[in-house]
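Q:
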Amino acid sequence: MAVPVLAVEGLRLAIRGDEGEARILDHVSFSVAQGEILGIVGESGCGKSTLIRAILGILPRGARIGAGEIRFEGENLLAFSEAELDRTVRGSRISFIPQDPYLALNPLFTVGAQLLESMRRHLPGTPREHREQLTKILRRVQLPDAELALDRYPHQFSGGQRQRLLIAAALACRPKLVIADEPTTALDVTTQQQILVLLRELVDDMGLSMLFVTHDLGVVAELCDRVGVIYAGQSVENGPARHLLRAPMHPYTAALLACHPDRSDDFVGIPGSVPSPLRAPPGCRFAPRCAQAQPACTLRDPALRNAAPGHAVDCILYDAQDGGR
Amino acid sequence: MAGFVLRRMLLVLPSLFGLLVVTFLLIRTIPADPAVALAGDNATPAQIAAIRESYGLDQPLPVQFLRYLRGVARLDFGESQYSGRPVALDIAQRLPATLELTFAALVIAIGLGIPLGVVAAMHHNRWPDFLLRIGSVAGIAVAAFWLAIMLQMLFAMKLGWLPLRGQLSAGLTPPAGPTGFLLTDCLLAGRFDLFLDAARHLVLPAVTLSLGGLATITRFTRAGVLDTLQKDFVTYERAVGFPRGRLIWVYVLRNSVVATVTQIGLLFGGLMAGAVVVESIYDWPGIGSYTVQAILTADSKVMLAVTLLIGLIYAAVNILTDVVHALIDPRLRESR
Ligand SMILES: Nc1ncnc2c1ncn2[C@@H]1O[C@H](COP(=O)(O)OP(=O)(O)O)[C@@H](O)[C@H]1O
Ligand SMILES: [Mg+2]
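Line order of the protein sequences matches chains X and A.
First residue of the first sequence: 236, per the numbering used here; consecutive thereafter.
First residue of the second sequence: 896, per the numbering used here; consecutive thereafter.
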């Protein structure tokens, strides 16, 4: 099999703060193959944004990666220096679409000034050529009045338009991988739909790979080729979107699907609440809320095991199938 | 932008008018009968009546107010008791020295305060931050007169690096114009020797006057930068590889100085008050030392003129603060 564009393996991350050590990620694993969209799904607070920050090397102060690997195009990103990341990864080979287009653009600078900043650093060519390239992409993402956009300020655009600006910026540097952090969460439903369609088109046209983070299973169903489900900082299940959504293996994935409003008329919640990373339970972090929990769940070391081709799950219920380890 | 400035100017007109009303009422009401006060102790009723008539004090109040306004408009404040010269002339002669001093103090405070604030924020809760925080508390707490005397003792008397007081060494004649600003005039006259001498005289008073402002600007810039660093757009800018230097000194800093600019505007009050002390200690021939003389000799005409001048400077600084805010933030340019 070809080397995946991005492979995260057994990633463990803690942030030391005033209240002690928050174990935010505990054994996160997934990979993104060339040309595919991988959806990372998890409830809010489960560590999705922190995971992205770890990949891009922009972790907050006090964060420490305790174990695991992040390989991008075969290279270990964790071994890169800050300068190397800036020069060869961030904004060049990996680009980023942020969650909230209302907050992600600097309000005091023209859109052109900020979006061209990264291009100027990472692409050859004159400022004029950069402007022309960016304007072309702005037309491609269907921004109205693309020619005038670069001289305007962020507040002169609607949320959907701003997200198109940020998508254009993410594509302008011709990345290998686009990382999107809930790019439609802050938008209204209609705009959300348009942006999803646009992203799918762009990925297919340009042969990109994308890591698409979301808390919304409906979005995953619509957009993603494969899915990784995270609960409280632990990877619980990775698999092809069609399989995983139709026949979830992990009790958490199943519960998540069951409470998706599109799927069931009578809304069932999951009893209990997501544990704080400061007080994460031992073993499987979902065990305290799991209907099928066993005493041994709290003793397991987290580890994904293949349960079907291309489909891995981390649950005691499936350990027996390949004899455990 | 021109329209913006014009609107701001119109907005300060009511305050200036209010200042004129208040000052007028103070002159009219503090001495129970101004004519008696003006005539002196041994005046006859006839003399008092004559004075009342010649000063127009027998006219109705609105008429008197209009006369007052006319006098202010013509910059006619009468003669200083102390110097015996028209007050307006004294002020015109002394104002440049004060402006030069406050400008130098402000340049020091802004030029050092903003970078120090950024450095403190970048090293949040590490030793450069702690040092700067202690320093800025000390800078605000320390009394200007004490600092001035310490600096004089160290740099002028002990080390002899800088002159003790005054604006120019004894025996040197300042150039005769054209601007009245000593440093500028020296340069325009091509007298670099004089310029250097004047600049050396400026150092200690300017440093003394700048200290409180320097501390305030450092603190507000630090707080502003810390606040901005939490913003989503900074995360975005880091995530897409903005060059580190430009990220901090351009993209973050511009978002962080709004409160600092407001403070710099407010600092002007402190600088004016500080100038009174600093000019007296360093024997600086500006408005500050002039005001001290006026207060000591109860020279009410000078005090009136200085009060109006400070009011005018305040109004101008207010407009300037708003303009700078609008230059920083495009949203302010269009929303009003
Ligand atoms: N700088 C930080 N210091 C301490 N805890 C943090 C920090 N940033 C995030 N967290 C915690 O990490 C967890 C995951 O946060 P985040 O990655 O933003 O989740 P998500 O993006 O999935 O909503 C949350 O519990 C959050 O409180
Ligand atoms: Mg998030």
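Where is the CB? At the ideal position from N, CA and C, for every residue including glycine.
Small disclaimer: the values here were computed from a predicted structure and weren't measured.
(1) Is S284 of chain X a contact residue of ligand 2, with contact defined as CB to any heavy atom under 6 Å?
(2) Taking 7 Å as the threshold (beta carbon to beta carbon), is D1024 of chain A in contact with chain X?
(3) Can you give me the Cβ contacts of R1231 of chain A inside the same chain, cut-off strictly under 8 Å, excluding the 5 residues immediately before and after it?
(4) Just to check my reading of the structure: L224 of chain X and I414 of chain X have Cβ atoms closer than 8 Å, yes? What is that Cβ distance to the nearest angstrom?
(5) Relative to the C-alpha of R299 of chain X, which candidate in X:H365, X:A237, X:A289 has its C-alpha closest?
(6) In whole angstroms, what separates the C-alpha of I922 of chain A from that of S1105 of chain A?
(7) From which residue to which residue does the alpha helix (DSSP H) around D335 of chain X run?
(8) Considering only C-alpha positions, which residue in the set A:I1176, A:G1108, A:Y1146 is nearest to G1030 of chain A?
(9) Quick check: does the Cβ of G292 of chain X come within less than 6 Å of any heavy atom belonging to ligand 1?
(10) Taking the C-alpha atoms as reference points, what is the distance between G558 of chain X and C550 of chain X?
(11) Between the stretch 292–303 of chain X and chain A, which residues of the former have CB atoms less than 7 Å from a CB of the latter, in chain order?
(12) What residues of chain A sit near F344 of chain X, judged by a beta carbon separation below 9 Å?
(13) Please return the same chain residues whose Cβ sits closer than 6 Å to the Cβ of L970 of chain A, not counting the five positions on each side in sequence.
(14) Within the continuous alpha helix (DSSP H) that includes V1187 of chain A, where are the two ends?
(15) Going by DSSP, what residues sit across from S444 of chain X in a beta bridge?
(16) Let me see if you follow: with CB-CB separation under 7 Å, is D1092 of chain A close to chain X or not?
(17) Straight-line CA distance for M904 of chain A to V1201 of chain A?
(18) Alpha carbon to alpha carbon, what distance is there between Y553 of chain X and R560 of chain X?
(19) Taking the beta strand (DSSP E) that R322 of chain X falls in, what are its first and last residues?
(20) What are the complete alpha helix (DSSP H) segments, minimum 4 residues, inside the stretch 499–558 of chain X?
(21) With 16 other CB atoms within 10 Å as the buried threshold, where does P239 of chain X fall?
(22) Please report the distance separating the alpha-carbon of Q398 of chain X from that of L373 of chain X.
(23) Please classify M595 of chain X: is it buried, with 16 or more other beta-carbons within 10 angstroms of its beta-carbon, or exposed?
(24) On the three-state DSSP scale, how would you describe E417 of chain X?
(25) Taking 7 Å as the CB-CB limit, is G559 of chain X close to chain A?
(26) If we define contact as Cβ-Cβ less than 7 Å, is G1119 of chain A a contact residue for chain X?
(27) Please list the partners that A339 of chain X has in chain A, where partner means a Cβ-to-Cβ separation under 7 Å.
(28) Does DSSP put P909 of chain A in a helix, a strand or coil?
(29) Following a CB-centred definition, is G577 of chain X positioned closer than 6 Å to any heavy atom of ligand 1?
(30) Could you name the residues of chain A that S327 of chain X contacts, counting a contact when the two beta carbons are closer than 7 Å?
(31) List, from N- to C-terminal side, the alpha helix (DSSP H) runs of 4 residues or more that fit wholly inside the stretch 920–1001 of chain A.
(32) So that I know if they touch, is there some Cβ in chain A lying closer than 7 Å to that of H365 of chain X?
(33) Would the beta-carbon of I332 of chain X be found less than 6 Å away from any heavy atom of ligand 1?
(34) Taking C-alpha atoms, which residue in X:P410, X:S279, X:E364 lies nearest to L437 of chain X?
(35) Can you tell me the Cβ-Cβ gap for L246 of chain X and I305 of chain X, rounded? I've got them flagged as a contact below 8 Å.
A: Based on what the coordinates show:
(1) Against the first sequence, residue 284 of chain X aligns to sequence position 49. Indeed, a heavy atom of ligand 2 lies less than 6 Å from the Cβ.
(2) As a working mapping, residue 1024 of chain A is identified with position 129 in the second sequence. Not closer than 7 Å to any Cβ of chain X, the Cβ of D1024 of chain A fails to qualify, so no.
(3) What you label residue 1231 of chain A is simply residue 336 of the second sequence in a count that begins at 1. Here R1231 of chain A scores only 49 on pLDDT, less than 50, and its place in the model is too uncertain to base an answer on.
(4) Only positions 236 to 560 of chain X appear in the structure, and residue 224 of chain X is not among them; the question remains open.
(5) What you label residue 299 of chain X is simply residue 64 of the first sequence in a count that begins at 1. Checked all of X:H365, X:A237, X:A289; the closest Cα to R299 of chain X is X:A289.
(6) Taking the second sequence and counting its residues from 1, the one referred to as residue 922 of chain A is at position 27. Taking the second sequence and counting its residues from 1, the one referred to as residue 1105 of chain A is at position 210. The alpha-carbon atoms of I922 of chain A and S1105 of chain A are separated by roughly 34 Å.
(7) The residue labelled residue 335 of chain X in the question sits at position 100 within the first sequence. That residue, D335 of chain X, is in no alpha helix (DSSP H); it is neither H nor E in DSSP.
(8) In the second sequence, residue 1030 of chain A corresponds to position 135, counting from 1. Answer by Cα proximity: A:G1108.
(9) Counted from its first residue, the first sequence places residue 292 of chain X at position 57. No.
(10) Here residue 558 of chain X refers to the residue found at position 323 when the first sequence is read from its first residue. Here residue 550 of chain X refers to the residue found at position 315 when the first sequence is read from its first residue. Low confidence applies here, because G558 of chain X scores a pLDDT of 44, under 50, leaving its location unreliable; read the following figure in that light. Taking the straight line joining both Cα atoms gives about 13 Å.
(11) I293
(12) Here residue 344 of chain X corresponds to residue number 109 of the first sequence, with the count starting at 1. Per Cβ cutoff of 9 Å: V1145, Y1146, R1149, P1225.
(13) Along the second sequence, one-based indexing puts residue 970 of chain A at 75. Closer than 6 Å at Cβ, skipping near neighbours: A983.
(14) Taking the second sequence and counting its residues from 1, the one referred to as residue 1187 of chain A is at position 292. Residues 1182–1191.
(15) Position 209 of the first sequence, counted from the first residue, corresponds to residue 444 of chain X. Its beta-bridge partners are X:L412.
(16) As a first step, residue 1092 of chain A is located in the second sequence; it is residue number 197 there, counting from the start. For D1092 of chain A, the answer is no, since every Cβ of chain X falls outside 7 Å of its Cβ.
(17) By one-based count along the second sequence, residue 904 of chain A stands at place 9. By one-based count along the second sequence, residue 1201 of chain A stands at place 306. Cα to Cα, M904 of chain A sits roughly 21 Å from V1201 of chain A.
(18) Locating residue 560 of chain X in the first sequence gives position 325, where the first residue counts as 1. Locating residue 553 of chain X in the first sequence gives position 318, where the first residue counts as 1. Legend: pLDDT at R560 of chain X = 41, less than 50; position of this residue unreliable, value from coordinates given subsequently. Rounded to whole angstroms, R560 of chain X to Y553 of chain X spans 12 Å at the Cα level.
(19) Working through the first sequence from its first residue, we reach residue 322 of chain X at position 87. Segment 317–323 is the alpha helix (DSSP H) holding R322 of chain X; no beta strand (DSSP E) there.
(20) 551–554
(21) Within the first sequence, residue 239 of chain X is the residue found at index 4, counting from 1. With 16 or more other Cβ atoms within 10 Å, it is buried.
(22) As a first step, residue 398 of chain X is located in the first sequence; it is residue number 163 there, counting from the start. As a first step, residue 373 of chain X is located in the first sequence; it is residue number 138 there, counting from the start. Taking the straight line from one Cα to the other gives about 11 Å.
(23) In the structure as shown, chain X begins at 236 and stops at 560. Residue 595 of chain X is therefore absent and cannot be evaluated.
(24) If you number the first sequence from 1, residue 417 of chain X lands on position 182. Coil.
(25) Taking the first sequence and counting its residues from 1, the one referred to as residue 559 of chain X is at position 324. Because the pLDDT at G559 of chain X is just 41, under 50, the model does not fix this residue reliably, and the point stays unresolved.
(26) Here residue 1119 of chain A refers to the residue found at position 224 of the second sequence. Not one chain X Cβ lies under 7 Å of G1119 of chain A.
(27) Position 104 of the first sequence holds residue 339 of chain X. Those are D1127, F1128, Y1131, listed as they occur along chain A.
(28) Position 14 of the second sequence, counted from the start, is the residue given in the question as residue 909 of chain A. Residue state, collapsed to three classes: helix.
(29) Nothing can be reported for residue 577 of chain X: it is not among the residues displayed for chain X, which extend from 236 to 560.
(30) Residue 327 of chain X sits at position 92 when you count from the first residue of the first sequence. Those are G1136, listed as they occur along chain A.
(31) 929–934, 940–949, 956–968
(32) Counted from its first residue, the first sequence places residue 365 of chain X at position 130. For H365 of chain X, the answer is no, since every Cβ of chain A falls outside 7 Å of its Cβ.
(33) Sequence index remark: in the first sequence, residue 332 of chain X carries index 97 (1-based). Every heavy atom of ligand 1 is 6 Å or more from the Cβ of I332 of chain X, so no.
(34) Counting from 1 along the first sequence, the entry for residue 437 of chain X is found at position 202. Per the Cα distances, X:P410.
(35) As a position in the first sequence, residue 246 of chain X is number 11, starting the count at 1. As a position in the first sequence, residue 305 of chain X is number 70, starting the count at 1. Indeed they touch by this definition, with Cβ atoms about 7 Å apart.
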